[in-house]
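What follows is a single structure, written as structure tokens, with notes after it.
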Amino acid sequence: MFSILGTIVVGFIVGLLARALKPGNDKLGLIMTTVLGIAGSLLARYVGVAMGWYGPNASVGWITSIIGAIVLLVIYGLVKKKA
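Our numbering runs 8 ahead of the 1-based position in the sequence shown.
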């Protein structure tokens with residue numbers, strides 16, 4: 009139970025930081041900001057394990073989670089611009 013709540017809280021903080029660091033106006037709500045942070049952390053973990061930076065059970069750091077969320081924000085902006 010606490011791990012799920014912790015994941016949500018960390019995802020929200022990572023999403024807020026990613027939105028603050030990326031230039032531009034990204035209009036996302038509270039839930040989408042949280043999902044962005046969680047997905048950014050998952051993306052950073054996947055890439056880190058694939059590149060050999062992290063072990064299979066290692067946790068991903070804050071900076072890489074934020075970078076993963078910024079990458080997702082950029083992709084979201086590109087897809088939204090085309091639509």
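Every residue gets a Cβ at the ideal spot worked out from N, C-alpha and C, and that includes glycine. Values in this document were obtained by computation on a predicted structure and should not be read as measured data.
As the crow flies, the alpha-carbon of D34 is around 25 Å from that of V68.
Non-local beta-carbon contacts of I46 in its own chain, meaning distances under 6 Å to residues more than five positions away in sequence, involve G19 in chain order. If you draw a straight line from the Cα of G85 to the Cα of G37, it comes to about 15 Å. G60 and S49 have their alpha carbons spaced roughly 16 Å apart. In the DSSP annotation of this structure, the continuous segment of the alpha helix (DSSP H) that includes G76 starts and ends at W70 to K90.
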